[in-house]
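Quick notes on the structure that follows.
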Amino acid sequence: MAEIELYRKQPKKLRKKPKKFLKISISAFKKIFSPFKEFLAKTPFWEKVQIAVILSGLVILGIFLVVFGANLQTPLFLFLLLALIFLLILIR
Numbered sequence: 023m024a025e026i027e028l029y030r031k032q033p034k035k036l037r038k039k040p041k042k043f044l045k046i047s048i049s050a051f052k053k054i055f056s057p058f059k060e061f062l063a064k065t066p067f068w069e070k071v072q073i074a075v076i077l078s079g080l081v082i083l084g085i086f087l088v089v090f091g092a093n094l095q096t097p098l099f100l101f102l103l104l105a106l107i108f109l110l111i112l113i114r
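Residues in the sequence shown are numbered consecutively from 23, following our numbering.
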């Protein structure tokens, strides 16, 4: 409540207006992800877990590629790729 009172006491020229960019990006974010929200509402819990495991594996692979300069011949990358493929086979 104190913050609201301080805001009202400021002259109108000094009041900070909310940025429209943030508002636009949030609404765009909601529009993009609304089909996913509907999809996730219909899917059972274990399928959500499977999707989370797959996405986290892809994120780990992406981080690995960025950190190690996309050197695809490294044994660790190949191991991670094989582990992700194994997870996909195991889940399905």
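From the three backbone atoms N, C-alpha and C, an ideal C-beta is built for every residue, glycine too.
According to DSSP, is Phe108 helix, strand or coil?
helix
Given the structure, does Lys64 come close to the ligand NAD, in the sense that its CB is under 7 angstroms from one of the ligand's heavy atoms?
As for the ligand NAD, it is missing from this structure, which has no ligand bound.
Give a yes or no on whether the C-beta atoms belonging to Leu102 and Leu77 are separated by under 8 angstroms.
no
What distance in whole Å lies between the Cβ atoms of Val75 and Leu109, which are believed to be in contact at a cut-off of 8 angstroms?
6 angstroms
If you run the structure through DSSP and keep just helix, strand and coil, what is Pro97?
helix
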